[in-house]
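Here the protein sequences come in this chain order: E and V.
126 is the number that this note's numbering gives to position 126 of the first sequence; each next residue is one higher, with no gaps.
Counting the second sequence from 1 gives a position; this note's numbering is that position plus 179.
Backbone N, C-alpha and C define an ideal beta-carbon position, used for all residues, glycine too.
In what follows, a structure is listed as structure tokens, so that the remarks can point back to it.
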Amino acid sequence: MNAPSGSHVRGDCSLAERLRARLAPSTRASVIVVDVDPTPTPVGDLDDAAIERLWERPMQSVIGALQEAHRGGRDRIVVVVPTLGQSGGASYAAQSALAEAARVLVKSAARQWSDRSVNAVVLEPGEWGIDSSVSGPVSIAPRARSGAVDPVPLIEWLSGSGAADVTGQTIVCDGGQWM
Amino acid sequence: MTADSRLADRVVIVTGAGQGVGEGIARRLAEAGAVVVIAARRAVTGEPVAESIRATGGRAVCIETDVADTSSVAGCVAETTKRFGRLDVMVHNAFNGGIPHRLEDAVIDKHWTSMSRTAAWASLTCARLSEPHLAESSRRGAGGRLILVTSPSGVEGSANIPLYSPAKAAQRAIAKSLAREWGPLGITVNCIAPVAGSPALMTAFDRNPSLKSAIEARTPLGRVGDITDDIGSVALFLASDDSSYVTGQTVVCDGGSFLGL
Chain E
1 MNAPSGSHVR
11 GDCSLAERLR
21 ARLAPSTRAS
31 VIVVDVDPTP
41 TPVGDLDDAA
51 IERLWERPMQ
61 SVIGALQEAH
71 RGGRDRIVVV
81 VPTLGQSGGA
91 SYAAQSALAE
101 AARVLVKSAA
111 RQWSDRSVNA
121 VVLEPGEWGI
131 DSSVSGPVSI
141 APRARSGAVD
151 PVPLIEWLSG
161 SGAADVTGQT
171 IVCDGGQWM
Chain V
180 MTADSRLADR
190 VVIVTGAGQG
200 VGEGIARRLA
210 EAGAVVVIAA
220 RRAVTGEPVA
230 ESIRATGGRA
240 VCIETDVADT
250 SSVAGCVAET
260 TKRFGRLDVM
270 VHNAFNGGIP
280 HRLEDAVIDK
290 HWTSMSRTAA
300 WASLTCARLS
310 EPHLAESSRR
320 GAGGRLILVT
330 SPSGVEGSAN
340 IPLYSPAKAA
350 QRAIAKSLAR
360 EWGPLGITVN
370 CIAPVAGSPA
380 LMTAFDRNPS
390 LKSAIEARTP
400 LGRVGDITDD
410 IGSVALFLAS
420 DDSSYVTGQT
430 VVCDGGSFLG
440 L
């Protein structure tokens, strides 16, 4: 497969904007930032309209984005989700479902598209946007390292030859919060 | 019936209990004294299960329920609480879909919608509609349990049915989130991820006999699980007071073939 070069970032949130601005033009991965609505929504408020908005539409967008990346000939795909899917969060049932479904969809893609030499990886740069005062602590221990998280170098590494054998994995780069 | 009375007089809804894993769960919970609502999409499958439970001294009724239809789930919950005065355990097992496909060619309406509606969407709906009753059950000291039936594929992904895995993965995240949200109410939320002799798997074995031997060969316990003795018993543990300090977890019941959790 002759993979196109030039990073391609999908997503409407501020993290997607930052990645669009900072990723080097030579980055060959297609980056899909899953737009998880950060608004706490208790399960009692999850009527059909809310489920459609918080789960169904964004999940269909993720499926479409993966298909588009495949059609575009991208042989490296990085899907960015919050750790919320793995940790769960009070008042975030629908959004955590979205994050975890996107994460496991990447495993399916990695398994199936290995016959097309496509690598698909999940990147979890923490819980961006999620209200932890509502969702609850991500883990029982405090974060191991303080300071801002920068996923850009990791995405660029995942786009390179050094990551040729890395596929189907979830890489958490949150300073050691979720282990 | 056995002498097990761990769920004596507790009222349980089991969706998709007209066959397979749901039927096995319903039978085992009934054996432990529960009043079981067989929430089946079609009475033609659900009613015989209810009848056979009654024939062995258990208590069960069938209420036709389509989990892809929110109003149908609401009707089931309303009729259950009207007839029996309470709801202590909600088991969401029903699922529809799973056509093998290539991810790049998948069509939302054909390959995704039914799985999304019956897995993630219905889990959220069952949770929302049962919440006040489960909370009341917890206040009475009778538990308050939500059990979601997911799949090992919801953890490890699938090359054969790639969109099946995320639909099932969503349920695990929902269980974790609701475990946090409902913890203060005393309601526990857990998942079961079974590999068992469901009708679908048995049909697959009939079509492809080598599949059965392949599954047995990769399974440390060397056999496919029984829907009642192997899977229903785990559901009974999670539905009973025995599991009162267990929440947000996924119990993989597959004979040890998946060890990566």
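Contact between Ser108 of chain E and Thr167 of chain E does not hold, since their C-beta atoms are separated by about 12 Å, which reaches or exceeds 8 Å. Separation of the CB atoms of Ile410 of chain V and Val403 of chain V is rounded to 11 Å, and the pair is thereby denied contact status at 8 Å. Looking at the backbone, the Cα of Arg185 of chain V and that of Pro58 of chain E are separated by about 42 Å.
Counting along the chain, Ile232 of chain V sits inside no beta strand (DSSP E); it lies in the alpha helix (DSSP H) bounded by residues 222-234. Ala196 of chain V places its beta carbon less than 8 Å from that of Val228 of chain V. Bounds of any beta strand (DSSP E) do not take in Ala298 of chain V, whose DSSP letter is neither H nor E. Interface annotation, Lys355 of chain V: in contact with chain E, CB-CB separation under 8 Å. The region 56-72 of chain E makes no contact with the region 301-310 of chain V: fewer than 3 CB pairs, one atom from each, lie closer than 8 Å. Within a 10 Å sphere around the beta-carbon of Leu158 of chain E sit 16 or more other beta-carbons, which makes this residue buried.
Among the residues of the region 326-337 of chain V, those with a Cβ less than 9 Å away from any Cβ of chain E are Ser332, Gly333, Val334, Glu335, Gly336, Ser337, in the order of the chain. Proximity of the region 128-144 of chain E to the region 169-177 of chain E meets the contact definition, three or more beta-carbon pairs being nearer than 8 Å.
Think of a sphere of 8 Å around the beta carbon of Ser132 of chain E: no beta carbon from chain V falls inside it, the nearest being about 11 Å out.
Residues of the region 301-317 of chain V with a C-beta atom less than 9 Å from some C-beta of chain E are Ser302, Leu303, Thr304, Ala306, Arg307, Glu310, Pro311, listed in chain order.
Within its own chain, no residue has a Cβ closer than 6 Å to the Cβ of Ser231 of chain V once the five positions on either side in sequence are excluded.
At least 8 Å separates the CB of Pro125 of chain E from every CB of chain V. Among the CB atoms of chain V, none fall inside 8 Å of the CB of Arg74 of chain E.
For Ile394 of chain V, the enclosing alpha helix (DSSP H) stretches over residues 388-397. Closest in C-alpha terms to Arg207 of chain V, from the list V:Ala253, V:Ser412, V:Leu380, comes V:Ser412. The beta carbon of Pro279 of chain V sits closer than 7 Å to those of Asn339, Ile340, all from its chain and outside the five residues before and after it, given in chain order.
If you ignore the 5 residues before and after Thr194 of chain V, its C-beta comes within less than 6 Å of the C-beta of Ala218, Val246, His271, Asn272, Ala273, all in its own chain and listed in chain order.
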